[in-house]
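K.L.:
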Amino acid sequence: MAMPQNSTGENGFCFTQTLDFSRPSPSPSEAGRTFTTPSGREPAGTPLSNGMASSGISSPSDSCAEPLCSATPPEEGTQFSQGIKYVSAEGEELACGWGGFTPGCLQLFNTSKGVLFFLCMASFLQGMTVNGFINTVITSIERRFDLRSYQSGLIASSYDIAACLCLTFVSYFGGNGHKPRWLGWGVLVMGLGSLLFALPHFTTGQYEARSAAEVGVCGGNHSLPCAQAASGLSSYRFVFMLGQFLHGMGATPLYTLGVTYLDENVKTNYSPVYIAVFYTAAILGPAAGYLVGGMFLNIYTEIGREIDIAPENTLWVGAWWIGFLGAGAASLLISIPILGYPQRLPGSQRYIVMRVSEAHQLKDGSHKKASDPDFGKTVKDLPRSVLLLLKNPTFIFLCLAGATEATLIAGMSTFGPKFLESQFSLSASEAATFFGYLVVPAGGGGTFLGGFLVNKFKLRCSGIIKLCLLCTVSSLLAIFIFFIHCPNMPMAGVTQKYEGSALPGGHLNLTAACNAACGCLQESYSPVCGSDDIMYYSPCHAGCKEVSENLRNGKKVYRECSCIEKPLLPSPGDAEAGKCTSSCAKKPLLLFFMFVVILFTFLSSIPALTATLRCVSDRQRSFALGIQWIVVRTLGGIPGPIAFGSMIDKSCLLWQDQCGEQGSCYVYQNSAMSRYTLIAGLVYKVLGTTFFIVACLLYKPPPAESAPGSSDASENGNCDLQEHKPSLPAGEDM
């Protein structure tokens with residue numbers, strides 16, 4: 001039988017010369033033996049498990065005319081005229097459903113696009129919950145449960161701690177098991193974690209924010225017994241940590257098995273686009289979390305209860321818990337269809353046959369062990385699997401580069417809203433919404449663009465690493481923007497004396513002649529903005545004697561404030577509840593370069609992930625992603641929020657005082673916060689750049705295997721005739 005020259009079929013196979021399969025169809029006893037090409041070569045045609053055939057040519061001759069496998073696998077022992085036998089998995093069910101319930105209408109979703117949709121929904125919910133809602137409500141939770149920044153950082157890190165403990169087990173056994181079932185149960189556990197995270201709202205008493213009248217004006221009753229002031233709610237941090245622990249357990253399969261399940265069921269050159277769409281959903285999730293969470297924070301936490309303080313007041317606690325209830329219920333629903341998918345999608349074997357290996361070549365040739373179909377199915381192969389990955393320097397340095405990026409991403413996503421809140425004098429809800437506007441186009445666009453560039457330019461592994469290097473250097477240059485900062489809004493007794501002169505660093509003096517007779521308590525923090533554009537600790541500390549309401553915006557207005565002087569008038573001035581609005585001229589510049597840093601940081605994420613998948617053997621992909629996530633979380637995700645939280649605590653000017661006990665931070669020093677952010681950014685970006693350079697230099701690609709004139713097709717992973725390469729034994733040519 002003759003094949004036309006340079007023909008290309010629906011599966012993308014292409015042949016650079018006429019192939020003449022002149023031998024008759026072999027008998028069953030001869031299945032898998034050789035056939036002849038015009039050059040006289042007789043490549044091996046040994047059948048492999050899982051429906052793959054290993055031969056010296058890239059595909060059977062009929063591959064351009066019809067699919068290699070259909071939704072129903074061929075019967076075992078089916079013979080093709082080319083002498084290649086396709087072996088089906090005994091009893092393997094490729095229909096979508098639950099047990100024996102596999103209605104025909106569900107099979108419409110039994111495609112790679114259907115899987116992508118549900119996995120995108122799951123990653124969107126995971127991102128919205130873990131990286132959106134939690135980061136948005138950090139300030140509110142600190143205020144409601146009297147937590148410090150390092151404690152809230154530990155809550156954020158509990159997610160990564162759980163993932164580290166589960167990754168080896170899940171990626172190793174799940175990678176060789178039924179991936180959709182692991183994914184479905186993981187999403188269900190993640191939903192339970194969200195419901196648990198909201199539980200403290202329902203098990204604690206009502207939040208008693210001291211209203212504007214109670215905070216009081218000069219001369220009011222300010223008694224506040226210490227037994228009543230100290231809430232003792234900080235122990236609830238362990239419930240939040242357990243909720244985050246379940247989030248981490250549930251999300252572990254999503255970014256290891258989910259990625260490899262997509263990669264196995266689509267063409268090699270489409271894989272970066274599918275993975276980019278999947279990760280873009282994971283990036284849009286946090287953006288939606290910031291925006292929706294910011295809206296919820298404008299609702300008082302005790303819904304239905306009248307309160308006379310506004311969201312701008314630092315005593316305000318928004319309805320932080322609503323998002324977790326909705327996300328938890330949605331996760332439980334999404335887990336149901338994911339559990340119904342088969343172990344592999346119908347027609348996926350054609351892509352396995354088409355794949356061209358780009359695994360890093362080890363000098364001792366031990367990388368070929370991973371091509372054995374039986375490798376990795378038992379626990380005894382686990383040490384060998386780990387050893388093979390540890391001997392792969394490209395994989396190791398890609399992991400280290402990912403860890404440096406993860407440290408910055410975890411730290412900035414957790415405390416980014418707090419940074420904006422301090423720099424621009426915003427409320428918690430405004431800062432969360434602002435940060436969401438940055439993350440949507442920069443993070444989501446950068447993630448999708450990274451996968452698009454890999455597919456557009458048909459980059460191989462070394463080219464992908466160079467793209468990552470370019471992105472890291474670009475974000476390194478942009479991070480120098482943190483040399484500048486917005487000045488703190490002047491605050492009497494905190495950043496300056498009441499007379500207007502500066503305070504010596506680290507010293508507070510909230511008492512002055514104008515409020516000495518008022519009997520103000522430091523426990524009663526409720527900042528007001530005076531008509532002289534200076535903030536005061538509370539209406540009492542401003543010496544205000546009367547209170548009314550501004551009908552235009554509903555804010556409390558305090559009058560007859562003895563510490564505030566009206567311009568050109570000797571009479572006392574007024575004050576309005578809330579922080580003074582910042583008029584920082586550097587705000588647009590700071591926001592633009594923050595956008596650039598986020599864009600280029602996320603632009604390298606999908607290329608780095610694609611390079612990781614390509615530099616290891618096919619059978620080690622899930623396990624390699626699991627090991628990479630362990631390194632990334634251990635060195636990046638876990639210490640990131642804790643380190644950033646500790647640094648932000650160091651820049652605190654004004655701590656909450658609960659009868660001698662230190663609570664959360666009220667006011668941060670903007671210059672110190674920017675300086676610490678700059679130092680951390682430079683250190684980790686320089687390390688990331690170094691690791692990408694070393695990974696690129698040490699990468700050793702497989703020898704060129706394509707016939708002359710077919711290099712373009714090989715780049716696409718569509719044809720690889722291996723014309724000039726001697727035949728390898730079965731299992732060693734992958």
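In UniProt numbering, the protein residues as written are 1 to 734. Quick reminder that beta carbons are idealized off the backbone N, C-alpha and C, glycines included.
Between the C-alpha atoms of Ala-513 and Lys-497, what's the straight-line distance to the nearest angstrom?
P.N.:
Using only the alpha carbons, I get a separation of about 12 Å.
K.L.:
Excluding the 5 residues preceding and the 5 following Leu-635 in the sequence, name in chain order all residues of the same chain whose CB lies nearer than 6 Å to its CB.
P.N.:
Hits under 6 Å: Ala-403.
K.L.:
I need the DSSP call for Met-241, collapsed to helix, strand or coil.
P.N.:
DSSP places Met-241 in helix when its eight states are reduced to three.
K.L.:
State the Cα-Cα distance for the pair Cys-563 and Gly-663, rounded to the nearest angstrom.
P.N.:
Looking at the two C-alpha atoms, the distance is approximately 27 Å.
K.L.:
Once DSSP output is grouped into helix, strand and coil, what is the label at Ser-664?
P.N.:
Here Ser-664 sits in strand by DSSP.
K.L.:
Grab the span of the beta strand (DSSP E) containing Gly-530 for me, first residue to last.
P.N.:
That run of the beta strand (DSSP E) goes 528-530.
K.L.:
Is it buried or exposed for Val-683, if we count other Cβ within 10 angstroms and need 16 for buried?
P.N.:
So Val-683 ends up on the exposed side.
K.L.:
Check residue 748 in the structure and name its three-state DSSP category.
P.N.:
For residue 748 there is no data in the structure shown, the boundaries of the chain being 1 and 734.
K.L.:
Measure the C-alpha to C-alpha separation of Arg-384 and Lys-650 and round it to an integer number of angstroms.
P.N.:
Near 45 Å, if we compare the C-alpha coordinates of Lys-650 and Arg-384.
K.L.:
For Ala-281, does the count of other Cβ atoms within 10 angstroms reach 16, so buried, or fall short, so exposed?
P.N.:
With 16 or more Cβ atoms within 10 Å of its Cβ, Ala-281 is classed as buried.
K.L.:
Leu-262: buried (16+ other C-beta within 10 angstroms of its C-beta) or exposed?
P.N.:
Classification of Leu-262: buried, given that the 10 Å Cβ count is 16 or more.
K.L.:
Give the single residue among Gly-328, Phe-644, Cys-665 whose Cα lies nearest to the Cα of Leu-654.
P.N.:
Comparing Cα-Cα distances from Leu-654 to each of Gly-328, Phe-644, Cys-665, the minimum goes to Cys-665.
K.L.:
For Leu-589, which residues of its own chain have a beta-carbon under 6 Å away from its beta-carbon, when the five flanking residues on both sides are left out?
P.N.:
Excluding sequence neighbours, Leu-589 sits near nothing in its chain.
K.L.:
What does DSSP give as the partner residues of Glu-576 in its beta bridges?
P.N.:
Glu-576 pairs with Cys-529, Val-557.
K.L.:
Leaving out five residues before and five after Cys-120 in sequence, what residues of the same chain have Cβ atoms less than 7 Å from its Cβ?
P.N.:
Excluding positions up to five away in sequence, the list reads Val-277, Phe-278, Ala-281.
K.L.:
Taking 8 Å as the threshold (C-beta atoms), are Cys-468 and Arg-614 in contact?
P.N.:
No; because the gap between Cβ atoms is not below 8 Å, this pair is not in contact.
K.L.:
The alpha helix (DSSP H) that contains Ser-422, what's its start and end?
P.N.:
Taken as a continuous stretch (DSSP letters only), the alpha helix (DSSP H) holding Ser-422 covers 393-423.
K.L.:
For residue 737 versus Thr-136, is the C-beta spacing smaller than 8 Å?
P.N.:
In this structure the chain extends from 1 to 734, so residue 737 is not present and cannot be described.
K.L.:
Which one or two residues does DSSP pair with Cys-652 in a beta bridge?
P.N.:
In the DSSP output, where bridge partners are listed per residue, Cys-652 has Tyr-668.
K.L.:
Tell me which residues share the same chain as Ser-674 and place their Cβ nearer than 6 Å to its Cβ, disregarding the 5 neighbours each side in the sequence.
P.N.:
Counting only Cβ-Cβ distances below 6 Å, and skipping sequence neighbours, we find Phe-482, His-485.
K.L.:
If you count every other CB in all the chains shown that lies within 10 Å of the CB of Ser-727, and 16 or more means buried, which is it?
P.N.:
At Ser-727, the pLDDT of 40 sits below 50, so the modelled position is not reliable and the matter cannot be decided from this model.
K.L.:
Among Cys-696, Gly-289, Ile-638, whose alpha-carbon lies nearest the alpha-carbon of Thr-612?
P.N.:
Of Cys-696, Gly-289, Ile-638, the residue nearest in Cα terms is Cys-696.
K.L.:
Does residue 736 pass the burial test, meaning 16 or more other C-beta atoms within 10 Å, or should it be called exposed?
P.N.:
The first residue shown for the chain is 1 and the last is 734, placing residue 736 beyond what the model contains.
K.L.:
Residues in the same chain with beta-carbon distance under 7 Å from Phe-434, minus the five sequence neighbours each way, listed in chain order, please.
P.N.:
Counting only Cβ-Cβ distances below 7 Å, and skipping sequence neighbours, we find Leu-420, Leu-426.
K.L.:
In terms of DSSP beta bridges, what is Glu-549 paired with?
P.N.:
DSSP, once it has assigned bridges, lists Lys-556 as partnering Glu-549.
K.L.:
Taking the alpha carbon of Gln-244 as the reference point, which residue from Val-130, Asp-574, Ala-432 has its own alpha carbon closest?
P.N.:
The candidate whose alpha carbon is nearest that of Gln-244 is Val-130.
K.L.:
Could you give the DSSP three-state label for residue 741: helix, strand or coil?
P.N.:
With the chain covering only 1 through 734, there is no way to say anything about residue 741.
K.L.:
Pro-272: which of Met-412, Pro-572, Ala-608 sits nearest, CA to CA?
P.N.:
Among Met-412, Pro-572, Ala-608, the Cα nearest to that of Pro-272 is on Ala-608.
K.L.:
Go ahead and label Trp-98 buried or exposed: buried means 16 or more other beta carbons lie within 10 angstroms of its beta carbon, across all protein chains shown.
P.N.:
Per the 10 Å Cβ criterion, exposed.
K.L.:
Measure the alpha-carbon distance for Pro-346 versus Ser-112 and round it to whole angstroms.
P.N.:
Approximately 9 Å, taken between the alpha carbons.
K.L.:
Closer than 6 Å by C-beta to Phe-602: which residues in its own chain qualify, once you throw out the five before and the five after it? Chain order, please.
P.N.:
Closer than 6 Å at Cβ, skipping near neighbours: Gly-443, Gly-446, Thr-447.
K.L.:
Verify the contact flag: Gly-191, CB atom, against every heavy atom of the ligand GTP, threshold strictly below 7 Å.
P.N.:
This structure lacks the ligand GTP; in fact it carries no ligand of any kind.
K.L.:
Taking 8 Å as the cut-off, decide whether the C-beta atoms of Asp-532 and Gly-573 are in contact.
P.N.:
It is a contact, given that the beta carbons lie within the stated cut-off.
K.L.:
DSSP puts Ala-492 in a beta bridge; with which residues?
P.N.:
Its beta-bridge partners are Gln-496.
K.L.:
Please name the residue in Asp-160, Met-128, Thr-690 whose C-alpha comes closest to that of Ala-288.
P.N.:
When only C-alpha atoms are compared, the closest one is Met-128.
K.L.:
Flag this pair as touching only if the region 321-328 and the region 168-178 have three or more C-beta atom pairs under 8 Å; answer yes or no.
P.N.:
The region 321-328, when compared against the region 168-178, does not touch it at the 8 Å Cβ threshold.
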